[in-house]
Amino acid sequence: MNLFMKLKLFNILLLAGSGLFFASCDSGYDVGVDTGLVAVEFRAGNISHTRTTNGGNEWIAGDQAGVFMLAEGGSFDTPDDVLENNRRYSTDASGETSAFTLAEGSPLYYPQNGGKVDFIAYYPYKSPLTGYTYPVDIRNQSTPAAIDVLYSNNATSKNKNSGAVELQFKHVLSKLSFTLTSGDG
227 MNLFMKLKLF NILLLAGSGL FFASCDSGYD VGVDTGLVAV EFRAGNISHT
277 RTTNGGNEWI AGDQAGVFML AEGGSFDTPD DVLENNRRYS TDASGETSAF
327 TLAEGSPLYY PQNGGKVDFI AYYPYKSPLT GYTYPVDIRN QSTPAAIDVL
377 YSNNATSKNK NSGAVELQFK HVLSKLSFTL TSGDG
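Quick note: the sequence shown, position 167, residue 393 per this note's numbering, numbers continuous.
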């Protein structure tokens, strides 16, 4: 084998080796492949007379709510029914309605198999919760907005085709006011 043939063989092997090297580099992601993961999106409206952070009837950007995802028709009494536990979401903007975005951690996804789920949400966010119990102390009522607990359980039978989930919050506590006036008798 002459020198020319050896150089030609060397170049062919070098070219083939380079091709194999670059072909083996892969980002691990197939562009355009559907993973089946669909992130949950939340929107929250307000009912009249709701008091939030500012004591009014509008959300304030940054208000935080807790969200639980349960299997459809599930219960907190059955641990396997609780698919996501007390995830903290924040309002994006101020107003009577607002989108909620996850405040921390990885996104909340619908089940890949298309199974239906229920969402339960509350405001204001607290962590940790023991035994799914939300502690409320009404001894100090100087700031009513601080003890105005809201609850939403309307978002049921949702799946990855449901679109944005609308959370309808309702009051847990009631405010009673009495006016005493002196009079005859």
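Glycine included, C-beta positions come from ideal geometry on N, C-alpha and C. Since the structure is predicted, the reported quantities are computational estimates derived from the model, not experimental observations.
N-terminal and C-terminal residue of the beta strand (DSSP E) that residue i is part of
i, result
"ARG269", "268-270"
"PHE294", "290-297"
"LEU381", "Going by the sequence as given, residue 381 is Ala instead of Leu. Taken as a continuous stretch (DSSP letters only), the beta strand (DSSP E) holding ALA381 covers 376-384."
"TYR348", "343-349"
"GLU392", "391-393"
Short Cβ contact (8 angstroms threshold) for residue i with residue j
i, j, result
"THR327", "TYR315", "yes"
"TYR344", "THR382", "Just to set this straight, residue 344 is Asp in the shown sequence, not Tyr. Yes."
"GLU284", "PHE294", "no"
"ALA270", "THR323", "yes"
"TYR377", "TYR351", "no"
"PHE268", "LEU355", "no"
"ILE346", "LEU296", "yes"
"TYR217", "PHE302", "Residue 217 lies beyond the range of the chain shown here (227 to 411); nothing can be said about it."
"ASP374", "LEU399", "yes"
Residue(s) in a DSSP beta bridge with residue i
i, result
"SER316", "GLN290, THR327"
"ALA265", "TYR335"
"LYS396", "TYR377"
"GLY321", "TRP285"
"THR356", "THR359"
Residue from the options with nearest C-alpha to residue i
i, options, result
"SER353", "ALA291, GLY389, PHE268, GLN367", "ALA291"
"ALA329", "GLY341, ASN312, PHE395", "ASN312"
"THR261", "VAL391, ASN339, LEU355", "ASN339"
"GLY299", "LYS342, VAL264, GLY331, SER408", "LYS342"
"GLY331", "GLY409, SER408, ALA265, ASP410", "ALA265"
"ALA325", "VAL375, ALA371, ALA372, ALA390", "ALA390"
"ARG321", "ASP289, THR304, THR407", "Contrary to the premise, residue 321 reads as Gly rather than Arg in this sequence. The shortest Cα separation from GLY321 among ASP289, THR304, THR407 belongs to ASP289."
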